[in-house]
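Throughout the sequence shown, residue numbering follows this note's numbering, covering 233 to 343 in sequence.
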Amino acid sequence: MDCIFCKIANGEIPSNKVYEDEKILAFHDIAPQTPVHVVIIPKAHIACADEIDDTNCDVVAHIFSKIPLIAKELNLDGYRIINNCKENGGQTVMHLHFHLLGGKKLGEKIA
Ligand code: 5GP
Ligand code: ZN
Numbered sequence: 233m234d235c236i237f238c239k240i241a242n243g244e245i246p247s248n249k250v251y252e253d254e255k256i257l258a259f260h261d262i263a264p265q266t267p268v269h270v271v272i273i274p275k276a277h278i279a280c281a282d283e284i285d286d287t288n289c290d291v292v293a294h295i296f297s298k299i300p301l302i303a304k305e306l307n308l309d310g311y312r313i314i315n316n317c318k319e320n321g322g323q324t325v326m327h328l329h330f331h332l333l334g335g336k337k338l339g340e341k342i343a
């Protein structure tokens, strides 16, 4: 499958990794929107949040269980987690991912 994040997950495309285990990977975004901008992905391909169901939701819980650790690693004192879902939600890479944004005091509004 021609998916950039699958290629990052399997090492075909290099990334600046922050956290990795058997199920998930966190790496610095190539075009950071905030001083710290990390993308967290399941290694297994899930296209978007709209594809989450009872059979694959464990990895989403796993991602959220590791966010405090990843945030601590990055010295984040407060942060924002964003998921863009499908084209109308602003998603450009069709492999489920959560943006972890921080490194400054963020505004209260998203859009
Ligand atoms: P989306 O717009 O789908 O929510 O987010 C995709 C994110 O992936 C964007 O913030 C974009 O900068 C990032 N991105 C796209 N291609 C690459 C890449 O090859 N490497 C890294 N590290 N980030 C990427
Ligand atoms: Zn993928």
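Idealized CB from N, CA, C, for every residue including glycine.
Proximity below 8 angstroms, CB of residue i to CB of residue j
i: ILE295; j: ILE272; result: yes
i: LEU257; j: LYS275; result: yes
i: HIS391; j: LEU333; result: Residue 391 lies beyond the residue range present for the chain, which begins at 233 and ends at 343; the question has no answer from this structure.
i: ASP282; j: CYS235; result: no
i: ILE313; j: HIS329; result: no
i: TYR251; j: LEU301; result: yes
Three-way DSSP call (helix, strand, coil) for residue i in this model
i: LEU333; result: strand
i: LYS249; result: strand
i: ILE273; result: strand
i: LYS304; result: helix
i: GLU319; result: helix
i: LYS341; result: coil
i: ASP282; result: helix
i: ALA263; result: coil
i: CYS235; result: coil
i: VAL292; result: helix
Which residues DSSP lists as bridging residue i, in chain order
i: VAL268; result: GLY334
i: ALA258; result: TYR251, ILE272
i: ILE313; result: LEU332
Whole-Å CB distance - residue i paired with residue j, under 8 angstroms assumed
i: LYS255; j: VAL292; result: So it is not a contact: roughly 10 angstroms between Cβ atoms.
i: PRO267; j: LYS337; result: With 8 angstroms as the limit, PRO267 and LYS337 do not qualify as a contact, their Cβ atoms being about 11 angstroms apart.
i: CYS350; j: MET326; result: Lying before the first or after the last residue shown, residue 350 is absent from the chain, which here runs from 233 to 343.
ask   = Which residues have a Cβ closer than 5 angstroms to any heavy atom of ligand 2, listed in chain order?
value = Chain-ordered list of matching residues: CYS235, PHE237, CYS238, HIS277, HIS327.
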